Each structure stands twice: as structure tokens, then as C-alpha cells.
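All remarks here apply to the structure that follows.
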Amino acid sequence: MVLYAPRAPVLPATRALIAVMVATFVLSIVMGGGLEGSQDPDVLYRLGAQDAPSIWRGEWWRLLTAVFLHAGPVHLAANGFSLYLLGRVIEPTLGVPRYLVLFFVSGLVSGLATLVFVQDTLGVGASGAVFGLAGLLLADELTRRRMYRRIALEGGPRWRPRVSIIPVLLLNLALGLVIPIINMYAHVGGLVAGFLLGTAWIERNMRRPARSRLAYLALGLLIVVLGAAGFRPMYTGEAAEHAASRAIIAANHGLLDEALAFANEAVELAPRDPRFLKIRAQIHARRGDMAAALADARAACDAGLAEACRALNP
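So the mapping is simple: our numbering equals the position in the sequence shown, first residue as 1, plus 4.
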């Protein structure tokens with residue numbers, strides 16, 4: 005695959021993706037998210053930010069909607085500019101359909117990687133999908149280097165790409181290690197997905213179907229493994245435990261509205277577990293809603309939780 009862009013590429017897909025990012029950012033401001041600094045987490049959540057307990061509850065679409073949300077103007081500008089620079093090279097070569105497949109598959113894998121390793125905070129941003137585009141460039145560069153070595157050994161002309169994507173990737177990955185707020189798991193997940201998908205397409209163009217199928221298989225296996233690990237708490241009851249622990253932490257910090265939301269998630273995920281009803285009863289009591297607290301305490305007692313019964317009958 006030879007990556008070449010004309011001098012004035014049209015870039016309909018790249019421009020559309022950036023337009024959606026800008027539109028969602030403007031919408032977040034209209035909804036009260038704020039322009040300066042970082043966005044309000046509550047607004048980002050309502051717009052579809054990645055949140056592990058919500059995904060475990062069935063809101064799987066957050067894995068993709070989070071790609072179009074950003075924490076602030078600097079975050080948006082960095083990802084939008086990076087997407088444009090990479091898109092102006094890749095989109096004219098791949099065409100719109102393949103380009104969008106690359107973007108969304110990379111975004112999905114980065115979201116799954118985040119779901120596995122980052123479960124306590126909201127996730128937003130297109131950086132994982134952008135790293136997927138860089139992953140395709142990496143696959144193309146490594147293929148070119150392999151071809152160069154073969155030509156050099158045969159005594160043919162020596163040629164190498166003028167600009168390497170490798171130093172840029174290493175720099176960005178290094179920044180992710182020293183800046184805690186950067187989601188390295190999303191970056192690496194998107195990069196690997198883009199590399200594997202790019203390898204599959206490049207090897208197919210080079211008439212090496214076996215290597216192409218192997219790359220597709222590796223990508224599919226990656227998605228299955230991350231999906232199984234990311235959604236495992238949904239089937240083992242750990243999702244409710246996780247939401248309940250977040251409720252307790254929020255309550256201890258005086259964030260009672262946030263604590264109640266997490267307690268509600270725990271009860272929805274495991275409605276038959278009286279422990280979560282007891283936690284919600286305590287949060288209701290701290291918020292001054294004694295009727296709701298009493299109702300949850302009675303439900304927990306009826307479900308067999310002795311602590312709740314003792315609280316009702318001191």
C-alpha cells in the first residue's frame with residue numbers, strides 16, 4: 005500500500021468527524037459544561053461519556069459516543085488537529101468506507117481497553133481512534149522498511165520514507181507515562197487495532213492472503229479478549245460491587261447526589277442483594293429523605309439482612 009495524498013484532498017469523512025466533535029463540544033457548553041478548563045463530568049456523562057458501571061448496565065453505545073466528547077478546548081484542538089493531519093494522508097488512500105472502519109474499530113478497541121483497566125473515572129476523547137490511524141501508518145512504514153531491506157540486499161536502489169511515524173508515537177507514548185490524566189490504555193489499544201487492521205489490508209494488497217487473514221484473526225481475538233475481560237463484571241456481580249464502592253467513596257467525600265446515583269446503579273444491577281439497599285438507605289438518610297431511607301431499610305431487612313433489621317428495631 006502506497007500512502008499518497010493529493011495537494012488539496014477533499015476529506016469528507018475527516019471533516020465530518022471533526023464537525024461532530026466540535027458540535028458535541030458546543031452542545032456540552034450549552035448544557036452548562038463550561039468553556040474554560042475541563043468540562044462538567046455530569047454533562048459529559050449525559051452526552052455519552054464512557055462509564056464502566058453504565059456500560060455494564062447495558063449502555064454499550066458509550067464505547068463509541070465517548071470518542072466524540074472532549075474534556076476541554078485544548079483536548080478537542082489536539083485531537084482534531086491530529087485527526088486532520090493523519091486523515092489528509094490516509095483518507096484519500098483508503099477511501100471513505102475503509103477510513104471510517106479504521107476510525108471506529110480503533111475507537112472501539114480503545115474503549116474496550118479502557119473498560120478493562122480504567123473503571124473508576126469517565127472516559128472521553130478521540131485519541132484512541134487517532135492512534136489507530138497512526139497504527140496503520142506504522143504498519144505501512146514497517147512494510148516499506150522490509151521491502152527496502154530486500155531491495156538493498158539484491159543490490160537495487162536504496163530508498164526509505166522521508167518522515168517516520170515511529171518517533172512521534174514513542175514521544176506520545178512517553179508523555180502518556182508521565183502525565184497521569186492521559187489514558188495510555190486507550191492509546192495503546194487504538195494503536196494495536198490500527199496496526200493489525202492496516203497490516204491486514206497491506207498484506208492483502210501485496211497478495212499475501214495468509215498474512216492478511218492472520219492479521220484479521222489477531223484483531224478479532226484482541227476484540228474478543230478485551231470484550232470478555234471488560235464485560236466480565238457484568239456477569240459475575242462485580243459490577244454492582246464496583247458501583248456500591250463508588251457510592252461509599254462519594255458519600256465519604258460529601259458528594260451525596262453522586263453517591264445516590266452510584267447506589268441506584270448497584271441496586272439496579274443486583275436488585276436482590278440487600279447490602280446495596282442498606283447502602284442506599286444510609287445515603288438517603290444523609291440526604292434527609294427519611295421516607296426513602298426507611299423503605300430501603302425495610303426492603304433490606306425483608307431480604308434477610310440482619311444489620312438492616314437491627315437498625316429498624318434498635
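Virtual Cβ for every residue (Gly too), placed ideally from N, Cα, C.
If you're wondering where the values come from, they're calculated on a predicted model, not measured in any experiment.
Three-way DSSP call (helix, strand, coil) for GLN1 in this model
The chain is shown only over 5 to 318; residue 1 falls outside these bounds and no answer can be derived.
How would you write the range of the alpha helix (DSSP H) that VAL192 sits in, first residue to last?
188-209
Runs of alpha helix (DSSP H) lying entirely within the region 227-299, each at least 4 residues, in chain order:
242-256, 260-273 and 278-291
Using CA coordinates, which residue listed in ARG211, GLU207, VAL229 and VAL228 is at the minimum distance from ALA219?
GLU207
Whole-angstrom distance between GLY52 and ALA17, CA atom to CA atom
22 Å
Measuring only the C-alpha atoms, how far is VAL30 from ASP306?
48 Å
Would you please state the rounded distance, in angstroms, between the beta carbons of LEU119 and ALA70? I believe it to be under 8 Å.
That pair is no contact at about 10 Å.
The region 273-285 touching the region 297-311, judged by at least three CB pairs closer than 8 Å:
yes
Count the other CB atoms within 10 Å of the CB of ALA244; is the residue buried (16 or more) or exposed (fewer)?
buried
Please state whether the Cβ-Cβ distance between ALA285 and ASP300 is less than 7 Å.
yes
May I have a chain-ordered list of the alpha helix (DSSP H) segments no shorter than 4 residues that lie completely inside the region 72-112?
77-98
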